[in-house]
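K.L.:
Okay, handing you the structure first.
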Amino acid sequence: MIINTFEYILQNVSKPQQYIGCEYGLKKEELSADAIDGRLKFMLSFPDTYEIGMSNFAVKILFEIAESIEGVLCDRAFIPEDDCAALMKKIGYPLSSLNYMIAAKKFDVIGFTLEYELNYSNVLHFLDLAGIPLESSKRAECDPVIIAGGSACVNPEPMADFIDVFFVGDGEDTLREICEVLIESKKRGDDRAARIEALSRIRGSYVPSYYQAEFDASGVQTGFKKLKEDVPDRVKIRLIANLDEARHPVRQMVPNFETVFNRGVVEIARGCKNACRFCQAGFIYRPYRERSVENIKGLIRSIFLNTGYTEFTLSSLSATDHPGLGELIDYTLGLSDTEEGFKDALFSVSLPSQRISTFSVELASKLSKNRKSGLTFAPEAGSQRMRDVINKNVTEQDLYSTASAAIDSGYRLIKLYFMIGLPFETDEDLLAIARSISRVTAIAREKKARGFSVNVTFSTFVPKPHTPFQWAVQAGRDEVFRKQSLIRNELKKHREVCMKFTRFDTTLLESAFARGSRLLGKVLLAALKAGCRFDAWDGKLDFPAWQEAFRSAGLDIGAYAAREIGLEECLPWEIVDAGVNRLYLAEEFAKAREEKKTPACEPNRCKRCGVC
Numbered sequence: 001m002i003i004n005t006f007e008y009i010l011q012n013v014s015k016p017q018q019y020i021g022c023e024y025g026l027k028k029e030e031l032s033a034d035a036i037d038g039r040l041k042f043m044l045s046f047p048d049t050y051e052i053g054m055s056n057f058a059v060k061i062l063f064e065i066a067e068s069i070e071g072v073l074c075d076r077a078f079i080p081e082d083d084c085a086a087l088m089k090k091i092g093y094p095l096s097s098l099n100y101m102i103a104a105k106k107f108d109v110i111g112f113t114l115e116y117e118l119n120y121s122n123v124l125h126f127l128d129l130a131g132i133p134l135e136s137s138k139r140a141e142c143d144p145v146i147i148a149g150g151s152a153c154v155n156p157e158p159m160a161d162f163i164d165v166f167f168v169g170d171g172e173d174t175l176r177e178i179c180e181v182l183i184e185s186k187k188r189g190d191d192r193a194a195r196i197e198a199l200s201r202i203r204g205s206y207v208p209s210y211y212q213a214e215f216d217a218s219g220v221q222t223g224f225k226k227l228k229e230d231v232p233d234r235v236k237i238r239l240i241a242n243l244d245e246a247r248h249p250v251r252q253m254v255p256n257f258e259t260v261f262n263r264g265v266v267e268i269a270r271g272c273k274n275a276c277r278f279c280q281a282g283f284i285y286r287p288y289r290e291r292s293v294e295n296i297k298g299l300i301r302s303i304f305l306n307t308g309y310t311e312f313t314l315s316s317l318s319a320t321d322h323p324g325l326g327e328l329i330d331y332t333l334g335l336s337d338t339e340e341g342f343k344d345a346l347f348s349v350s351l352p353s354q355r356i357s358t359f360s361v362e363l364a365s366k367l368s369k370n371r372k373s374g375l376t377f378a379p380e381a382g383s384q385r386m387r388d389v390i391n392k393n394v395t396e397q398d399l400y401s402t403a404s405a406a407i408d409s410g411y412r413l414i415k416l417y418f419m420i421g422l423p424f425e426t427d428e429d430l431l432a433i434a435r436s437i438s439r440v441t442a443i444a445r446e447k448k449a450r451g452f453s454v455n456v457t458f459s460t461f462v463p464k465p466h467t468p469f470q471w472a473v474q475a476g477r478d479e480v481f482r483k484q485s486l487i488r489n490e491l492k493k494h495r496e497v498c499m500k501f502t503r504f505d506t507t508l509l510e511s512a513f514a515r516g517s518r519l520l521g522k523v524l525l526a527a528l529k530a531g532c533r534f535d536a537w538d539g540k541l542d543f544p545a546w547q548e549a550f551r552s553a554g555l556d557i558g559a560y561a562a563r564e565i566g567l568e569e570c571l572p573w574e575i576v577d578a579g580v581n582r583l584y585l586a587e588e589f590a591k592a593r594e595e596k597k598t599p600a601c602e603p604n605r606c607k608r609c610g611v612c
């Protein structure tokens, strides 16, 4: 009956390929019902659609680890698109796993990867479609244990009402321990509370129900009260010291249809040396760690042999900081000439973003051998003063010489990312952005680069936890619109410049949840009831519904997101110890105000921030 119902769904939805699983590279065992029940059933989910979730690198890592553990049946589920979700609701078909078609509710554990605050409503939507109670406190003995990890979990509090156990930090070793603990717990016949308690003993775990968040009359958090004596005051983030020893996915499943990023991915480094003061990833993934060149070469070979991918992304927060990058590009592009079994393949390499100050003419030339799509750079600010404020170690001349090198190498599209609304920003800093872009277009004209264009994305600053700017105020709606208009007017005469500004409502909501407390649990419940989901998608965010959800919880979204936080205030996310100490972050905030720079992070060579 389930099969027939599923076939009916496939016949009546768009893009049915995303719901059938069984991708190339997947290992699927033929198991009896008893054999399935005897395994630890682990569902892995990224709270977005298949085409986005299958592009996520963390999903690739975690799935390959979990399915390799003896005694574990690992499967995946993503968020169905609206047409499919509506049909599932109509006919009473529960959200089920991709490969084995097991209802999510029948799994022992469901693990979410949380990397973006605007996916929180999707988690609740997922649980609702699965028939699992949304709030942890209302789950029954038969319900799965709901866990979560990922970069957004460095502030777990907005989702604390819905997640049984959070795991903060690098997940490779943690996931193996989670599975081993739950396998033993299942053998013992532990009840649900005992399983959660067993998970709480894993390093890097945080069980929200073991802590009570305390607030003053105005809704500002004043602290945490431990409800169990043996839990830590703060949860220490977990890190892998040596990437060469960490599991890296090589049997990367080839999706059933085109996804956002459909290529081989090799993580060449984790963390970032550069300490930009607005960048959360640069602080929570400290210290900077690199994979060795030989290890990376082996991964590239293995991924090609397992998947057939010939296009590779060398992934890192700042790939051009890896000292072996040039050698790796040469190696990958030359595979068809040097390796048996690779002869008929045409290999190409892409980098997610290039750091301007380390990008060279030689590297631009290597990248353009087989393909000449756009190059992406993130100057973030237009004036040297503002780059000093945010600690972005890039000069104006770096940008111009890099653009010149890219044009000489045949590139006719450059993508630039800038941020507006940064702390201590002035109108002169915004005008400097326009001048920088104008100069890049002038360089192209001087070189007679026909068909040259610049795509510029302007994001609005969002203060993020565990960064020096975590205390900063976010610019209000009218001020952001004024800043956007100032830049538009300066650049409107440049036909070769295409400008895109992020929607203010999106950044306001992101800011609220980035620095939010447990009070936002009620907001999320009200938003789900109002139909909010896919809030990160263009055209999907129903901001009036979110405003009403905040009002129903007695909160004002503008005031909640945009207020400046006192340096001595309790911060909801400080239940997590991300390694960098609070005093260092406060000193960096003060240095930003004074327009002073900090040297790049050199792992194990200083003790400034507290990580090493």
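Residue numbers (the working numbering): 1 to 612.
We put the beta carbon where it would ideally sit given N, CA and C, even for glycine.
Here the structure is a predicted model, which is why all the values come from computation and not from measurement.
If we ignore side chains and look at the alpha-carbon of each, how far apart do Thr113 and Ile132 end up?
P.N.:
Counting from 1 along the sequence shown, the entry for residue 113 is found at position 113. Counting from 1 along the sequence shown, the entry for residue 132 is found at position 132. The alpha-carbon atoms of Thr113 and Ile132 are separated by roughly 18 Å.
K.L.:
Near Met54, what residues of its chain come up, given a Cβ to Cβ distance below 6 Å and the 5 sequence neighbours on each side ignored?
P.N.:
Within the sequence shown, residue 54 is the residue found at index 54, counting from 1. Excluding residues within five positions, the ones whose Cβ falls inside 6 Å are Pro255 and Thr259.
K.L.:
Which same chain residues, not among the five before or five after Arg263, have their C-beta less than 8 Å away from its C-beta?
P.N.:
Within the sequence shown, numbered from 1, the residue matching residue 263 stands at position 263. Counting only Cβ-Cβ distances below 8 Å, and skipping sequence neighbours, we find Tyr309, Glu311, Phe312, Thr313 and Ser350.
K.L.:
Please list the terminal residues of the continuous beta strand (DSSP E) segment that includes Leu375.
P.N.:
As a first step, residue 375 must be located in the sequence shown, where it is residue number 375. Per DSSP, Leu375 belongs to the beta strand (DSSP E) from Leu375 to Glu380.
K.L.:
Report yes if the CB atom of Pro379 is closer than 7 Å to the CB atom of Val389, and no otherwise.
P.N.:
By one-based count along the sequence shown, residue 379 stands at place 379. By one-based count along the sequence shown, residue 389 stands at place 389. Contact flag unset, no.
K.L.:
What are the uninterrupted segments assigned as beta strand (DSSP E) that are 3 or more residues long and contained completely in the segment 493-570, given in chain order?
P.N.:
Runs found: 497-501.
K.L.:
What distance in whole Å lies between the Cβ atoms of Cys74 and Tyr288, which are believed to be in contact at a cut-off of 8 Å?
P.N.:
In the sequence shown, the residue the question calls residue 288 occupies position 288. In the sequence shown, the residue the question calls residue 74 occupies position 74. 31 Å between Cβ atoms; not a contact.
K.L.:
When DSSP labels each residue in this structure, what does Gln474 get in the three-state scheme?
P.N.:
Here residue 474 corresponds to residue number 474 of the sequence shown, with the count starting at 1. If DSSP states are grouped into helix, strand and coil, Gln474 belongs with coil.
K.L.:
Provide the residue(s) that pair with Gln212 in DSSP beta bridges, ordered along the chain.
P.N.:
Along the sequence shown, read from residue 1 onward, the residue named residue 212 stands at position 212. DSSP lists Lys225 as partners of Gln212.
K.L.:
Determine, for Ser32, whether the minimum Cβ-Cβ distance to residues of chain C falls below 7 Å.
P.N.:
Here chain C cannot be found, since the structure has a single protein chain.
K.L.:
Check whether the Cβ atoms of Leu619 and Leu124 lie closer than 7 Å to each other.
P.N.:
The chain is shown only over 1 to 612; residue 619 falls outside these bounds and no answer can be derived.
K.L.:
Buried or exposed: where does Gly531 fall if 16 or more other Cβ atoms within 10 Å of its Cβ makes it buried?
P.N.:
Working through the sequence shown from its first residue, we reach residue 531 at position 531. Gly531 is exposed by the Cβ-count criterion.
K.L.:
Are there 16 or more other CB atoms within 10 angstroms of the CB of Thr338, so buried, or fewer, so exposed?
P.N.:
Here residue 338 is taken as the residue at index 338 of the sequence shown, counted from 1. Thr338 is exposed by the Cβ-count criterion.
K.L.:
What is the DSSP secondary structure of Thr467, counted as helix, strand or coil?
P.N.:
In the sequence shown, the residue the question calls residue 467 occupies position 467. If DSSP states are grouped into helix, strand and coil, Thr467 belongs with coil.
K.L.:
Does the segment 426-441 come within contact of the segment 289-304, defined as at least 3 CB pairs closer than 8 Å?
P.N.:
Cβ pair count under 8 Å is below three, so no.
K.L.:
Count the other C-beta atoms from every protein chain shown that fall within 10 angstroms of the C-beta of Asn12, then say buried if there are 16 or more, exposed otherwise.
P.N.:
Translated into the one-based positions of the sequence shown, residue 12 becomes position 12. Asn12 comes out exposed.
K.L.:
Give me the DSSP bridge partner(s) of Cys74.
P.N.:
Here residue 74 refers to the residue found at position 74 when the sequence shown is read from its first residue. DSSP, once it has assigned bridges, lists Phe42 as partnering Cys74.
K.L.:
By DSSP, does Phe418 sit in helix, in strand, or in coil?
P.N.:
Residue numbering aside, residue 418 sits at position 418 when the sequence shown is read from its first letter. DSSP places Phe418 in strand when its eight states are reduced to three.
K.L.:
Does the Cβ of Gln354 have 16 or more other Cβ atoms within 10 Å, making it buried, or fewer, making it exposed?
P.N.:
For this step, residue 354 is matched to residue 354 along the sequence shown. By the 10 Å Cβ count, Gln354 comes out buried.
K.L.:
Identify every residue that forms a DSSP beta bridge with Gln11.
P.N.:
Working through the sequence shown from its first residue, we reach residue 11 at position 11. DSSP, once it has assigned bridges, lists no residue as partnering Gln11.
K.L.:
Which residue's Cα is closest to the Cα of Phe261: Ala586, Glu180 and Phe57?
P.N.:
Counted from its first residue, the sequence shown places residue 261 at position 261. Among Ala586, Glu180 and Phe57, the Cα nearest to that of Phe261 is on Phe57.
K.L.:
Taking 7 Å as the threshold (C-beta atoms), are Pro47 and Asn119 in contact?
P.N.:
Here residue 119 corresponds to residue number 119 of the sequence shown, with the count starting at 1. Here residue 47 corresponds to residue number 47 of the sequence shown, with the count starting at 1. For Asn119 and Pro47, yes; Cβs fall inside 7 Å.
K.L.:
DSSP on Tyr619, reduced to helix/strand/coil?
P.N.:
In this structure the chain extends from 1 to 612, so residue 619 is not present and cannot be described.
K.L.:
Output the distance between the C-alpha atoms of Ala319 and Gly334, rounded to the nearest integer angstrom.
P.N.:
Taking the first residue of the sequence shown as position 1, residue 319 is located at position 319. Taking the first residue of the sequence shown as position 1, residue 334 is located at position 334. Approximately 20 Å between the Cα atoms of the pair.
K.L.:
For Tyr24, name the three-state secondary structure that DSSP assigns.
P.N.:
For the purposes of this step, residue 24 is taken as the residue at position 24 of the sequence shown. Three-state result, Tyr24: strand.
K.L.:
I need the DSSP call for Glu197, collapsed to helix, strand or coil.
P.N.:
Locating residue 197 in the sequence shown gives position 197, where the first residue counts as 1. Looking at Glu197 - three-state DSSP - the assignment turns out to be helix.
K.L.:
Is Ala275 closer than 7 Å to Thr507 when the C-beta atoms are compared?
P.N.:
Within the sequence shown, the letter at position 507 stands for residue 507. Within the sequence shown, the letter at position 275 stands for residue 275. Not in contact: Thr507 and Ala275 (Cβ atoms no closer than 7 Å).
K.L.:
Tell me, please, which residues DSSP counts as bridged to Asn455.
P.N.:
Counting from 1 along the sequence shown, the entry for residue 455 is found at position 455. Asn455 pairs with Lys415 and Cys498.
K.L.:
Taking the alpha carbon of Cys22 as the point to measure from, which residue in Tyr100, Asp128, Gly204 and Lys607 has its own alpha carbon closest?
P.N.:
On the sequence shown, residue 22 is found 22 positions in, with the first residue counted as 1. Here the closest residue by C-alpha is Tyr100.
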